[in-house]
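Peer 1: Before anything else, here's the structure in question.
Residue numbers (our numbering): -6 to 69.
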């Protein structure tokens, strides 16, 4: 991964980590998928880079609603 992509990846991971450590513990567990949407986003960005990883994370978040399914959904 190039230096620019690496920097962008780390910048994208910062708000996700903030959510996981500061906001998520204050809320009851409600995620419909395994792994959770935030963990999925981290794995997608690490595996596919910042652009495709972010796109996969956004698609996953859009599926996270009462009629969007649930269960095991790994990063492709």
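All C-beta atoms in this analysis are idealised placements derived from N, C-alpha and C, irrespective of residue type, glycine included.
#1: Give a yes or no on contact between the segment 39 to 53 and the segment -2 to 16, applying the rule of three or more CB pairs nearer than 8 Å.
#2: Tell me which same chain residues have a C-beta within less than 7 Å of the C-beta of residue 56, skipping the five on either side of it?
#3: If you check the beta carbons only, do residue 35 and residue -4 fall under 8 Å apart?
#4: So what does DSSP say about residue 46, is it helix, strand or coil?
Peer 2: In short:
#1: Contact holds between the segment 39 to 53 and the segment -2 to 16, because three or more Cβ pairs, one in each stretch, are under 8 Å apart.
#2: So the qualifying residues of the chain are 62.
#3: In this structure, residue 35 lies away from residue -4, with their beta-carbon atoms at least 8 Å apart.
#4: Collapsing the DSSP output to three states places residue 46 in a helix.
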